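Position 33 of the sequence shown, counted from 1, bears residue number 33 in full-length UniProt numbering, the numbering being contiguous throughout.
Backbone N, C-alpha and C fix where the C-beta goes; we use that ideal spot for every residue, glycine too.
What you are looking at is a predicted structure, and each value in this text was computed from that prediction instead of being measured.
Below: one structure, written as structure tokens.
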Amino acid sequence: MNVAITTALMTTEELLALPEDGIDRELIRGVLREKEMTRRNRQHARTEARLTYLLESWLDTQPEPRGQVFSGEAGCILQRDPDTTVGIDVVYITAEMASRQSDSTTMIEGAPLLAVEILSPSDRQQDINAKVDEYLTTGVAVVWIVDPHFRTVTVYRADAEPVLFNVDHHLSSEPHLPGLSISVRDIFR
Numbered sequence: 001m002n003v004a005i006t007t008a009l010m011t012t013e014e015l016l017a018l019p020e021d022g023i024d025r026e027l028i029r030g031v032l033r034e035k036e037m038t039r040r041n042r043q044h045a046r047t048e049a050r051l052t053y054l055l056e057s058w059l060d061t062q063p064e065p066r067g068q069v070f071s072g073e074a075g076c077i078l079q080r081d082p083d084t085t086v087g088i089d090v091v092y093i094t095a096e097m098a099s100r101q102s103d104s105t106t107m108i109e110g111a112p113l114l115a116v117e118i119l120s121p122s123d124r125q126q127d128i129n130a131k132v133d134e135y136l137t138t139g140v141a142v143v144w145i146v147d148p149h150f151r152t153v154t155v156y157r158a159d160a161e162p163v164l165f166n167v168d169h170h171l172s173s174e175p176h177l178p179g180l181s182i183s184v185r186d187i188f189r
């Protein structure tokens, strides 16, 4: 996979003004990163749908006001000046953060509480590590890296060592997602 990197700092507004031309673009601390857009495979799409459903089901059990779940490469502006703007497979934002979002914006402004990335065969470990580091550095509280091939979920938090969950475990993210308990097996069925 070829990745083109420019050195001039760019803003989110400049990024959004670029044409939609089959190039996947993100900003990392103002630096534009481009790579060829790839179509997600069936396994990736199914895993994303299951995770979204399971998170929404948990959310339905929570008291009002509730947060919100987004999926499908949800655009997130994780930080400003310099801007970090990325697409995340599945995100959860708190009710308080949801109330600060403008109806006119196309992207989630701020770091979500939870960021979920689903691995694809083309993902490289060094890119995943950099993504986790960037998410945690910009304020994401919990990052899940979901591996459909090995049927595992690795949970990262800034204040703890990573924890690997397999299909025999229940996934939780206390205290950030109170009451959440997802069977890892259910993610991959």
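Cβ-based neighbour list, residue i, same chain, cut-off 6 Å, excluding 5 preceding and 5 following
i	result
Gly75	Gly87 and Met107
Leu119	Asp147
Thr138	Leu78, Gln79, Thr84 and Ala111
Thr154	Ile145, Pro162 and Leu164
Pro121	none
Pairwise C-alpha distance: residue j and residue i
i	j	result
Glu36	Ile23	5 Å
His44	Leu51	11 Å
Val91	Val142	10 Å
Glu134	Gly72	20 Å
Val116	Trp144	5 Å
His170	Glu161	18 Å
Ile93	Glu64	14 Å
His149	Asp123	12 Å
Ala17	Asp168	46 Å
Arg29	Pro82	5 Å
Gln101	Ala95	10 Å
Asn41	Arg151	15 Å
residue 199	Gln125	No information on residue 199 is available, as it lies outside the stretch 1 to 189 that the chain covers here.
Lys131	Leu27	12 Å
Residue i, enclosing beta strand (DSSP E) - first and last residue
i	result
Arg25	Ile23 to Ile28
Ala160	Ala160 to Phe165
Thr152	Thr152 to Arg157
His170	His170 to Ser173
According to DSSP, residues forming a beta bridge with residue i
i	result
Ser120	Its beta-bridge partners do not exist; DSSP assigns none.
Leu114	Tyr92 and Val142
Ser183	His170
Enclosing alpha helix (DSSP H) for residue i [first to last residue]
i	result
Leu16	Thr12 to Ala17
Glu134	Gln125 to Thr137
Neighbourhood of residue i by C-beta, 7 Å cutoff - its chain only, sequence neighbours within 5 removed
i	result
Asp68	In the sequence under discussion, the amino acid at residue 68 is Gln, which differs from the Asp named in the question. Excluding residues within five positions, the ones whose Cβ falls inside 7 Å are Ile93 and Ala98.
Thr11	Asp83
Residue i CB to nearest heavy atom of the ligand FMN below 8 Å
i	result
Lys35	With respect to the ligand FMN, the structure shown offers nothing to examine, as it has no ligands at all.
Chain-order list of residues whose beta-carbon lies under 8 Å from that of residue i (same chain, five-residue window excluded)
i	result
Gly179	Trp58, Thr61 and Gln62
Runs of beta strand (DSSP E) lying entirely within the region 23–108, each at least 3 residues, in chain order: 23–28, 31–36, 68–79 and 84–93
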